[in-house]
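Chemist:
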Amino acid sequence: MSNPETIIKELKNLVDEMQAVICAEKILAWDLEINMPKTASRERAWQMSILSKIVHEMLISSKMQELLNNLRKKELFELLKTKDKAMVRELGRDFDKAIKIPTDLIRELTETTAQAQVVWAEAKTKNDFKLFAPHLEKIFSLKRQMAEYLGYKDSPYDALLDEYEPGMNTKTLDELFENLKKELIPYIKKIQCSNNMPNNTFLKQSYNKEKQLQLCNLLLETLGFDLKKGILEESIHPFTMGISPNDVRLTTRTDENNLFFAIGSTIHEGGHALYEQGIDSKLFKTNLYSGSSLGIHESQSRLYETIIGQGYPFWKYYFPVLKDTFKKELSDISLEEFYNGLNCVEPSLIRVEADEVTYNLHIVIRYEIEKDLMEKKLMINDIPKAWKEKMHNYLGVTPQTDAEGALQDIHWSFGAIGYFPTYTMGNLCAAQFYNQIRKEIPDIEQKLEKGDFKELREYLKEKIHQYGLLETPEEILQRVTGEPLKTHYFINYIKEKYNKIYSLN
Ligand code: MG
30 MSNPETIIKE LKNLVDEMQA VICAEKILAW DLEINMPKTA SRERAWQMSI
80 LSKIVHEMLI SSKMQELLNN LRKKELFELL KTKDKAMVRE LGRDFDKAIK
130 IPTDLIRELT ETTAQAQVVW AEAKTKNDFK LFAPHLEKIF SLKRQMAEYL
180 GYKDSPYDAL LDEYEPGMNT KTLDELFENL KKELIPYIKK IQCSNNMPNN
230 TFLKQSYNKE KQLQLCNLLL ETLGFDLKKG ILEESIHPFT MGISPNDVRL
280 TTRTDENNLF FAIGSTIHEG GHALYEQGID SKLFKTNLYS GSSLGIHESQ
330 SRLYETIIGQ GYPFWKYYFP VLKDTFKKEL SDISLEEFYN GLNCVEPSLI
380 RVEADEVTYN LHIVIRYEIE KDLMEKKLMI NDIPKAWKEK MHNYLGVTPQ
430 TDAEGALQDI HWSFGAIGYF PTYTMGNLCA AQFYNQIRKE IPDIEQKLEK
480 GDFKELREYL KEKIHQYGLL ETPEEILQRV TGEPLKTHYF INYIKEKYNK
530 IYSLN
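Residue numbering for the sequence shown follows the numbering used here, starting at 30 and increasing by one per position.
#1: Could you give the residue range of the beta strand (DSSP E) that holds Ile260?
#2: Which term fits Met93, buried or exposed, when burial requires 16 or more other beta carbons within 10 angstroms of its beta carbon?
#3: What is the DSSP secondary structure of Gly271, counted as helix, strand or coil?
#4: Assuming Leu317 and Glu119 make a contact with CB atoms under 8 Å, what is their CB distance in whole Å?
#5: Leaving out five residues before and five after Ala127 in sequence, what residues of the same chain have Cβ atoms less than 7 Å from its Cβ?
#6: In three-state terms, what does DSSP make of Val277?
#7: For Met408, which three-state DSSP category applies?
#8: For Thr154, count neighbouring Cβ atoms within 10 angstroms of its own Cβ and tell me buried if that reaches 16, exposed if not.
#9: If you run the structure through DSSP and keep just helix, strand and coil, what is Gln339?
#10: Using the Cβ count rule (16 or more neighbours within 10 Å means buried), how would you classify His301?
#11: Please confirm whether any heavy atom of the ligand MG lies closer than 7 Å to the CB of His297.
#12: Can you find a C-beta in chain D that's less than 8 Å from the C-beta of Ile36?
#13: In the DSSP assignment, find the alpha helix (DSSP H) that holds Thr141 and state where it starts and stops.
#14: Decide if Met408 is buried, meaning its Cβ has at least 16 other Cβ atoms within 10 Å, or exposed.
#15: When the distance is taken between beta carbons, is Ser330 closer than 8 Å to Glu298?
#16: Based on Cα-Cα distance, which residue from Thr199, Asp384, Leu371 and Leu364 lies nearest to Leu213?
#17: Have a look at Phe169 and Leu402 and give me their C-alpha separation to the nearest angstrom.
#18: With a Cβ-Cβ cutoff of 8 Å, do Leu261 and Thr283 count as a contact?
#19: Taking Trp59 as part of the alpha helix (DSSP H), name the residues at either end of that continuous run.
#20: Assign Ile466 to one of three DSSP states: helix, strand, or coil.
#21: Apart from the five residues just before and just after Gln475, which ones in its own chain have a Cβ nearer than 8 Å to its Cβ?
#22: Taking only runs of the alpha helix (DSSP H) that begin and end inside the segment 354-403, which ones reach a length of at least 4 residues, in chain order?
#23: If you draw a straight line from the C-alpha of Gly338 to the C-alpha of Trp344, how long is it?
#24: For Arg136, which residues from the same chain have a beta carbon less than 7 Å from its beta carbon, with the 5 sequence-adjacent residues on both sides left out?
#25: Have a look at Phe519 and Gly444 and give me their C-alpha separation to the nearest angstrom.
#26: What do you reckon, is the C-beta of His301 under 7 Å from a heavy atom of the ligand MG?
#27: Examine the ligand MG and report whether any of its heavy atoms sits within less than 7 Å of the Cβ of Ser330.
#28: Any chance the CB of Glu397 is under 7 Å from a heavy atom of the ligand MG?
#29: Under 8 Å, do Thr453 and Asn389 count as touching if we go by C-beta distance?
#30: Is Glu305 a contact residue of the ligand MG, with contact defined as CB to any heavy atom under 7 Å?
#31: Could you work out which residue in Phe206, Ala115, Asp203 and Leu57 is closest to Trp75 when comparing CA atoms only?
#32: On a CA-only basis, which of Gln241, Asn464, Asn32 and Leu499 is nearest Leu351? Give me that one, please.
#33: Within this structure, are the beta carbons of Pro227 and Ile446 separated by less than 8 Å?
#34: Can you look up Gln429 in the DSSP assignment and give me helix, strand or coil?
#35: With distances taken between CB atoms, is the gap from Asn165 to Trp441 smaller than 8 Å?
#36: Compare the Cα-Cα distances from Asn521 to each of Gln48, Leu209 and Asn32 and report the closest residue.
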């Protein structure tokens with residue numbers, strides 16, 4: 030058995046079956062969030078755990094091992110087509126990770142986090158970090174064990190980062206995040222001293238929910254999302270799910286007293302959804318039918334949500350539509366007032382409510398704490414104190430309670446350690462891509478002002494979306510922008526925009 034074509038064909042058959050099960054898992058998950066009566070949660074957990082066991086068993090099967098062993102031999106690998114090489118690379122990565130971690134450890138982590146999520150919700154309501162602490166202690170201990178099995182170079186945190194963002198490590202992140210702190214902390218102080226504080230109270234009036242939802246559908250169409258091949262629904266936490274080239278689903282959330290909540294969520298998820306619709310349909314039924322990484326995926330959502338969706342050119346085009354929808358509420362508001370109000374910078378305690386200038390410092394805080402915990406430089410019981418100090422030092426605000434401090438995010442309770450940095454990577458990548466777009470499409474802003482989003486969408490599809498998982502995040506960044514990830518594109522973007530809004534120089 031040495032003909033690479035025959036082996037690849039066998040591998041593709043296996044992958045095809047795996048992908049069908051993965052699609053079924055996604056549809057069950059969608060149904061759970063959107064349609065299912067809550068009484069069925071036990072049955073759904075049973076169904077989903079069995080499907081995920083099937084996928085796991087298919088991945089670590091002796092057949093898969095045999096095929097991958099053959100295809101990863103240098104002499105055979107070199108003969109493969111580019112697409113098949115990527116398929117083997119990615120499957121090999123998943124396979125290696127899956128066999129390194131003992132099933133018992135996975136089971137223990139699943140059980141621990143299932144319980145921890147319930148306790149976290151209670152601890153947050155009761156504002157009691159001590160209640161959650163023993164569970165978090167256990168999660169970090171299991172994650173440290175996991176890192177040992179997976180292996181790492183400098184820090185156990187590297188092993189976890191690699192799960193979410195292949196190729197990323199603490200050495201690179203330390204440098205990127207130090208740069209961000211050095212630039213952003215003094216810049217935020219400068220903004221706070223400005224005499225030109227925008228008003229955003231008009232965004233917090235009462236806005237009809239049905240009208241907001243109609244607008245969200247319209248917005249998606251405007252950006253070029255194909256609603257014939259997708260659905261927009263409502264859920265508590267907005268998310269996007271690409272099931273097939275003909276089935277990309279996304280959700281949004283409305284808040285009757287916050288106009289930009291639904292608009293921002295819809296444009297954000299719309300960015301993810303455009304990515305999913307843009308993946309080359311020839312990659313469907315393979316493991317390459319996916320975004321390149323969480324960071325690259327987030328770069329597309331943040332590019333649309335912040336750079337475009339909170340940008341002046343977009344609102345120059347779209348504000349009349351919005352004003353027409355909410356005639357009474359926005360009658361006295363000018364485009365300038367609206368745009369400035371949308372871009373208020375206000376250091377706050379809660380990450381998900383943060384503006385784009387302060388947002389990344391929330392991520393830096395979580396990263397530093399997670400890394401110190403993994404490296405045993407910080408004890409679980411000292412998290413609230415560390416949290417308060419860092420919030421005070423970086424953002425100038427101090428949480429009075431744990432609920433608005435270390436307990437605010439759900440992520441740790443389900444074991445997502447090493448996940449937060451992908452949010453900031455998304456922001457940095459978005460600015461780096463947009464800098465390149467401005468070079469290659471010099472009249473991009475005039476186009477956006479006229480409501481022409483086609484060129485932007487096609488650029489992103491051609492340069493990023495269509496590739497799916499064919500290229501790693503580093504390869505995409507390098508090919509599109511000619512450089513690895515940098516912070517100065519983001520910093521320049523922020524300063525160019527907010528110097529104008531806050532009349533700074
Ligand atoms: Mg996102």
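We treat Cβ as the ideally placed atom computed from N, Cα and C, and that holds for glycine.
Modeler: Straight from the coordinates:
#1: Gly259 to Glu263
#2: buried
#3: strand
#4: 7 Å
#5: His85, Leu88 and Ile89
#6: strand
#7: coil
#8: exposed
#9: coil
#10: buried
#11: yes
#12: In the structure shown, chain D does not exist; there is a single protein chain.
#13: Thr132 to Lys155
#14: exposed
#15: yes
#16: Asp384
#17: 7 Å
#18: no
#19: Pro33 to Ile63
#20: helix
#21: Pro342
#22: 364-371 and 388-403
#23: 8 Å
#24: none
#25: 29 Å
#26: yes
#27: yes
#28: no
#29: yes
#30: no
#31: Leu57
#32: Gln241
#33: no
#34: coil
#35: Residue identity check: residue 165 is Leu in the sequence provided, not Asn. In this structure, Trp441 lies closer than 8 Å to Leu165 by Cβ.
#36: Leu209
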